[in-house]
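Beneath this line is the structure, given in structure tokens, with notes to follow.
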Amino acid sequence: MIGFIGAGKVGSSLSRFFYEYYVHKGINLLALSSIYSKHVTSANETISLLKKISCNQATACIPKVANSIAELVKNSDFIFITVPDSVISFVDEELYLLGKEALKDKLLVNCSGVLSAISAFKKSSELTDTVSLHPMLAFNSKETSIESIQKAFFTLEGSNTGIQKIKFILNETGIQHTVLSSDASPDDLKAKYHLASVLVSNCVVGLFSMGQDLLCECGFSKDDALKALTPLFINNANNIIAQGVTHALTGPVLRNDAITLKKHMNCLNDNDIDLYKLLSQKLYEISKNINPQKDYNEIKNLLFSEDKNK
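Residue numbers for the sequence shown follow the working numbering, so the first one is 134 and each next one is one higher.
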């Protein structure tokens, strides 16, 4: 059975996802034992959301609110820790103090994007198997849709036994997943993986905001700027998804249009010019791969120069 320590957006959404499969697909492995949160109200909210999912087995299949971590561990085989990174160490300490016998045959699952299994479970990893399971998805609600979670890509990292156990759950739900691997340390590996997710998720919000502000300087209202940029933004994202980065690229860097790049930089302050140059340098590398015979030297000199006025 599965227990959740933490009843925020991630914990509530994942518990709903597994519960849905247990109820409607009859996968007993995905039955939920209980939910624990320091904030009992939050745990009760999650239970209320689970009760909305019809269950043919009446109330017997509805998980309970655990009174303590010890109670949850006792009744669970898979213990998902879905608390903020800043408090994971406190949960780890409490799990460790339960002792080896209490954690025997249990799997501890950390859902942090940036913390490796060994970092999340510095102490309790000495007593049982641990794994880091992270969905590449932005959870903006306790009721993140089942469909969104189903389509998300999950990544695994941790002990070999732990990875095999959690893979079994993911295979039962049909979730796409991969095991992170490299010569880097687990912490460096997770940091790099998380950075990739942040670049195409959070950082894009900053770029969109920058574009919106520039349009407002051209007389657009905030709402109109949003409406104007939306089709451009969505179409480009769809092109990347459908064709890949190389075939989706358009614009002045690909065209080798140094005059337009200079005009763009004249519109920006020093910090924004640095950002523009850094992003355009990446586009330059892509463009060179697309058109290896084209002479991009003028653009190269412009983008890689430290002179902000060049």
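Beta carbons: idealized from backbone N, C-alpha and C, even for Gly. Predicted model, so just to flag it, every value in this text is computed and none were measured.
For residue j and residue i, the rounded distance between their alpha carbons
i	j	result
E439	L416	18 Å
Q309	A285	7 Å
T179	T294	30 Å
H172	D357	41 Å
F137	V224	12 Å
Q426	A391	17 Å
C349	L328	30 Å
N402	G384	21 Å
E226	S413	46 Å
E280	N399	45 Å
H380	N372	8 Å
L117	V386	Residue 117 is absent from the structure shown; the chain starts at 134 and stops at 443.
V143	T215	6 Å
S245	F254	12 Å
N422	N430	14 Å
K323	G352	43 Å
I221	E204	18 Å
A317	K355	44 Å
L182	Y152	11 Å
N218	P319	Here residue 218 turns out to be Asp, not Asn, going by the sequence shown. Rounded to whole angstroms, D218 to P319 spans 16 Å at the Cα level.
R388	D321	37 Å
T92	N404	The structure shown does not extend to residue 92, since the chain is modelled only from 134 to 443, so the question has no answer here.
K233	G139	22 Å
C444	G307	Within the shown structure, residues of the chain are numbered from 134 to 443, placing residue 444 beyond reach of any answer.
N368	L313	30 Å
K325	S315	11 Å
N424	F287	35 Å
Residue environment, residue i, which counts as buried when at least 16 other CB atoms sit within 10 Å
i	result
S274	exposed
P268	buried
L365	exposed
V331	exposed
A199	buried
K396	exposed
L411	exposed
R149	buried
I432	buried
T393	exposed
T174	exposed
A164	buried
A191	Residue placement at A191 is flagged as unreliable, the pLDDT there being 46, under the threshold of 50; the coordinate-derived value follows with that caveat. Under this definition A191 is an exposed residue.
F437	exposed
T261	buried
L248	buried
S170	buried
V333	exposed
S342	exposed
L408	exposed
Cβ neighbours of residue i in the same chain (closer than 7 Å, five flanking residues each side left out)
i	result
K184	I195
L162	I302 and E305
N177	V198
I160	Y154 and E305
V378	I419
Contact set for residue i: own chain, Cβ-Cβ below 6 Å, skip 5 residues either direction
i	result
Q376	none
D210	M134
Q345	A358
V146	Note that residue 146 is Ser in the sequence shown here, rather than Val. The answer, listed in chain order, is F272 and T277.
G141	none
S282	The residue asked about is misnamed: residue 282 is Ile in this sequence, not Ser. Same-chain partners within the cutoff: F150.
S252	D320
Delimiting residues of the beta strand (DSSP E) encompassing residue i
i	result
Q309	Q309 to V312
F137	I135 to I138
V264	D262 to P268
S167	L165 to Y169
Other residues of its chain near residue i: CB distance less than 8 Å, five sequence neighbours each side excluded
i	result
V264	L240, L241, V242, N243, A250, L289, E290, G291, S292, G295, I296, K298 and I299
V206	G136, I212, L228, L231, A235, L236 and K239
E259	Y229
Extent of the continuous alpha helix (DSSP H) to which residue i belongs
i	result
F211	Per DSSP, F211 belongs to no alpha helix (DSSP H); it is in the beta strand (DSSP E), F211 to I214.
I432	N430 to F437
L240	No alpha helix (DSSP H) holds L240; the beta strand (DSSP E) holding it covers L240 to N243.
T174	V173 to K184
A112	No answer is possible for residue 112: it lies beyond the span of the chain, which begins at 134 and ends at 443.
L248	Run containing L248: none; DSSP gives neither H nor E here.
I202	I202 to K207
G144	K142 to K158
I279	I279 to K284
Within-8 Å CB hit, residue i to chain D
i	result
L362	The chain labelled as chain D is not found in the depicted structure, where only one protein chain is given.
*In chain order, each alpha helix (DSSP H) run of at least 4 residues that lies wholly inside the stretch 363-418*: 378-381, 385-388 and 391-399
*What are the uninterrupted segments assigned as beta strand (DSSP E) that are 3 or more residues long and contained completely in the stretch 290-345, given in chain order?*
309-312
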